[in-house]
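What follows is one structure encoded as structure tokens, with my remarks underneath.
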Amino acid sequence: MGLFGFFASAEDKRKEEVRTGARAPDRTERKQCWDARDNFYKCLDKHEVIDSLNGDGKKIADKQCAPENKAFEENCASAWVTYFKRFRVADYQKKKTLERLEKEGAKTVSIGGPGDALGAKKT
Numbered sequence: 012m013g014l015f016g017f018f019a020s021a022e023d024k025r026k027e028e029v030r031t032g033a034r035a036p037d038r039t040e041r042k043q044c045w046d047a048r049d050n051f052y053k054c055l056d057k058h059e060v061i062d063s064l065n066g067d068g069k070k071i072a073d074k075q076c077a078p079e080n081k082a083f084e085e086n087c088a089s090a091w092v093t094y095f096k097r098f099r100v101a102d103y104q105k106k107k108t109l110e111r112l113e114k115e116g117a118k119t120v121s122i123g124g125p126g127d128a129l130g131a132k133k134t
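Using the numbering used here, the first residue of the sequence shown is number 12, and each one after it goes up by one.
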């Protein structure tokens, strides 16, 4: 970004608008975001970090995955970055809870949606 909000090009301006949420990303920009997220996640996995927002995980991510995080933050809307980082933690916690419940003998139960009659055949 240039000095005092002036951008070097229209592309830089659009990228900043997408990053701040002022403009919705197009298909190509979404793919760039997801690719950057996946690269960041690969680095976190390599260093066994789940939560890159807090504690030791943040320290390790800041040190070991700085280039990947920078690309992630540059290629995604800031709200998306926060969402994806929080989702990673929640998804991990969900998987661990399901594993624990299965070890305790919990069974999977199918739950029908509205209008599903008991005993009705599924088509």
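C-beta atoms are modelled at their ideal positions from N, C-alpha and C, and glycine is treated no differently.
None of the values given here were measured: they were computed from a predicted structure.
Among the options, the one whose alpha carbon lies nearest that of residue i
i, options, result
"R34", "C87, D67, Y52 and A77", "C87"
"Y52", "A72, Q43, K42 and P36", "A72"
"V100", "F83, G66, K118 and T31", "G66"
"R30", "Y103, G116, E59 and S89", "S89"
"E59", "K106, K42 and Q75", "Q75"
Residue i beta carbon near the ligand NAP (any heavy atom closer than 8 Å)
i, result
"K26", "Questions concerning the ligand NAP fall outside what the structure shown contains, since it holds no ligand whatsoever."
Residues near residue i by beta carbon distance below 6 Å, same chain, minus five either side
i, result
"L14", "Because L14 sits at a pLDDT of 48, beneath the cut-off of 50, its placement in the model cannot be relied upon, and the following sentence gives the value as read from the coordinates. Here the set comprises nothing."
8 Å Cβ shell around residue i - same chain, five flanking residues per side excluded
i, result
"K69", "D62 and S63"
Residues near residue i by beta carbon distance below 7 Å, same chain, minus five either side
i, result
"E22", "none"
Residue interval of the alpha helix (DSSP H) (run including residue i)
i, result
"N9", "Only positions 12 to 134 of the chain appear in the structure, and residue 9 is not among them; the question remains open."
Within 9 Å, strictly: CB atoms of residue i and residue j
i, j, result
"K26", "E110", "no"
Between the CA atoms of residue j and residue i - distance to the nearest angstrom
i, j, result
"S121", "T108", "18 Å"
"P36", "F83", "14 Å"
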